[in-house]
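Protein chains in written order, with the working numbering: chain A, 72 to 207; chain B, 976 to 1363.
Notes to accompany the following structure.
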């Protein structure tokens, strides 16, 4: 199947020095998350400090890439005009197995059969010139 | 009900611009000036009595130094000024801050103003380089419509709420707008079927469940009791306020089926010494139908997930048992960016002054105002009281 995302001129992530390891790993096909050495909680999105205990001892660890669906939506009119080319498409919020939630793009065929709690796995997709963690 | 002491200040002036779909040839600063002029005129005070200024952020026109820019433009020298930046909760958030600044002895008379241009084909885009821009936008999830669609979908999946139940909220907004010649949808009522037949923009949100962006503005004057000389109108007072902020991006929401309004509303009612059933007018922030649903549930008017069953048995016009957004709400009136949230305050003041021509509710004494910003994440609630 052609990757319909590769030629989209959509806005990519605005990467910071703190988040760079996450995006570098995605490009290598790996899913890593920050883990707090002090309170042992997982953190997403990447931060300088743990939002739970304010420790600055966050380390990158391998994560499972597994998640459960929290909510979803089929976009007919895109919030950014560059996404309009591939409407309708589906976005969703997922709860990662490690605990934090994230926004993602869903690779599913039948949005009308989705349910809260559906199990999903990460898929690495090249979108414009960036690799992104989609779930399906 | 137990009433707390009469506050030391009151709302004495309101000004509002008629919403315009597009505002070619205007500037945001110019619309701020006109809103303020109308409010000062309504209050029957002099320009130079204004010694406090609360403004909102202005995407695209004045990114920084907003109070200084607005003060200079208006020829004011305020002794207290600030940007209030709470999205749709900004208007309500300004009102208690104005009162607090007067209580603190920083100033006597505060103007709270929000206005925005709306130019065709020129949407204002924020130059964000922050987490929501980095971790939500790249997945195709930019814009408020997508965030609120995700929230509405969770409500439907969790509680079994139906499209018809949400469409009823849009129907009532359009119906009430027929009593307000200023409203953008005046002359354009919509049935539940019309709402359901309008295009799906971001599933499950239909076009008629989403506010229409317009240009417009609104200003409110709050002044100390001792400064009230010219009693042009009955004063309206902030009897209680509550506020809470929980997150920014919908992906980071601690609870997808509730809002920090669940704290802010009881806090405001508690400060006023009221229960929600003491309220005569619900003036609830309605950027989307689903926000009204969540607000009704967060107010404790019905149990979580049950807004649809509850609404079926009540009536929401100016002559109904639960008057709700009698100006048409933003769904019927139009949303002039942050000034949209101010429309709920302006209408409540009109009703509590008994000056709502053609749509005056009976026994208008107390109103619950809500403001909601970002992704059900910035919440402010106010209880306003009239002299009636």
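Heads up, the beta-carbon is just placed ideally off N, CA and C, and yes, glycines get one too.
It should be emphasised that the depicted structure is a prediction, and the values quoted were computed from it without experimental measurement.
Residue-level contact to chain E via CB, residue i, 8 Å cutoff
i	result
residue 1035 of chain B	Of the protein chains in the structure, A and B, none is chain E.
Start-to-end residues for the beta strand (DSSP E) that takes in residue i
i	result
residue 1347 of chain B	1341–1348
residue 1212 of chain B	1212–1220
residue 1205 of chain B	Segment: none, residue 1205 of chain B is in no beta strand (DSSP E) and carries neither H nor E.
residue 141 of chain A	137–146
residue 172 of chain A	172–176
residue 166 of chain A	160–167
Buried versus exposed, by CB contacts within 10 Å (16 or more), residue i
i	result
residue 72 of chain A	In this predicted model, residue 72 of chain A has a pLDDT of only 48, less than 50, meaning its place in the structure is not dependable enough to derive any value.
residue 131 of chain A	exposed
residue 125 of chain A	exposed
residue 988 of chain B	buried
residue 1104 of chain B	exposed
residue 180 of chain A	exposed
residue 1227 of chain B	buried
residue 78 of chain A	exposed
residue 1445 of chain B	Given that chain B is displayed from residue 976 to residue 1363, the structure contains no residue 1445 of chain B and the question cannot be resolved.
residue 203 of chain A	buried
residue 198 of chain A	buried
residue 172 of chain A	buried
Straight-line Cα distance separating residue j from residue i
i	j	result
residue 1203 of chain B	residue 1020 of chain B	9 Å
residue 1152 of chain B	residue 1194 of chain B	21 Å
residue 153 of chain A	residue 80 of chain A	6 Å
residue 1244 of chain B	residue 1325 of chain B	21 Å
residue 991 of chain B	residue 1117 of chain B	30 Å
residue 1209 of chain B	residue 1093 of chain B	34 Å
residue 1380 of chain B	residue 115 of chain A	An answer regarding residue 1380 of chain B cannot be provided, because it is not within the stretch 976 to 1363 covered by chain B.
residue 1265 of chain B	residue 1123 of chain B	8 Å
residue 1282 of chain B	residue 1297 of chain B	13 Å
residue 1312 of chain B	residue 1305 of chain B	10 Å
residue 1276 of chain B	residue 1263 of chain B	19 Å
residue 976 of chain B	residue 1342 of chain B	Because residue 976 of chain B carries a pLDDT of 48, less than 50, the predicted location of this residue cannot be relied on, and the following value inherits that uncertainty. So the two alpha carbons sit approximately 15 Å from each other.
residue 1096 of chain B	residue 982 of chain B	45 Å
residue 83 of chain A	residue 106 of chain A	25 Å
residue 1170 of chain B	residue 1182 of chain B	8 Å
residue 1001 of chain B	residue 1086 of chain B	21 Å
residue 1148 of chain B	residue 995 of chain B	18 Å
residue 1212 of chain B	residue 1329 of chain B	14 Å
residue 925 of chain B	residue 1167 of chain B	One cannot answer for residue 925 of chain B here, as it falls past the ends of chain B, which runs 976 to 1363.
Beta-carbon gap between residue i and residue j smaller than 8 Å
i	j	result
residue 1125 of chain B	residue 1286 of chain B	no
residue 188 of chain A	residue 140 of chain A	yes
residue 1115 of chain B	residue 1065 of chain B	no
residue 1009 of chain B	residue 1190 of chain B	no
residue 1269 of chain B	residue 1239 of chain B	no
residue 1127 of chain B	residue 1175 of chain B	no
residue 1084 of chain B	residue 1198 of chain B	yes
residue 1184 of chain B	residue 1141 of chain B	yes
residue 206 of chain A	residue 196 of chain A	no
residue 102 of chain A	residue 136 of chain A	yes
residue 134 of chain A	residue 166 of chain A	no
residue 1067 of chain B	residue 1355 of chain B	yes
Min CB distance residue i to chain A below 8 Å
i	result
residue 1310 of chain B	no
residue 1118 of chain B	yes
residue 976 of chain B	Reliability fails at residue 976 of chain B, whose pLDDT of 48 lies under 50, so the model's placement of it is uncertain and the value that follows must be treated cautiously. Cβ-Cβ to chain A under 8 Å: no for residue 976 of chain B.
residue 1132 of chain B	yes
residue 1223 of chain B	no
residue 1137 of chain B	no
residue 1350 of chain B	no
residue 1121 of chain B	yes
residue 1124 of chain B	yes
residue 1226 of chain B	yes
residue 1230 of chain B	no
residue 1112 of chain B	yes
residue 1140 of chain B	no
residue 1023 of chain B	no
Cutoff 8 Å: residue i Cβ touching any chain B Cβ
i	result
residue 138 of chain A	no
residue 72 of chain A	In this prediction, residue 72 of chain A scores a pLDDT of 48, lower than 50, which makes its location untrustworthy; the coordinate-derived value is nonetheless stated afterwards. Not one chain B Cβ lies under 8 Å of residue 72 of chain A.
residue 187 of chain A	yes
residue 142 of chain A	yes
residue 80 of chain A	no
residue 197 of chain A	no
residue 203 of chain A	yes
Bounding residues of the alpha helix (DSSP H) (the contiguous stretch that carries residue i)
i	result
residue 1272 of chain B	1264–1273
residue 1304 of chain B	1304–1308
residue 1130 of chain B	1119–1134
residue 1147 of chain B	1138–1152
residue 1048 of chain B	1041–1049
residue 1079 of chain B	Neither: residue 1079 of chain B is in no alpha helix (DSSP H) and is coded neither H nor E.
residue 96 of chain A	91–98
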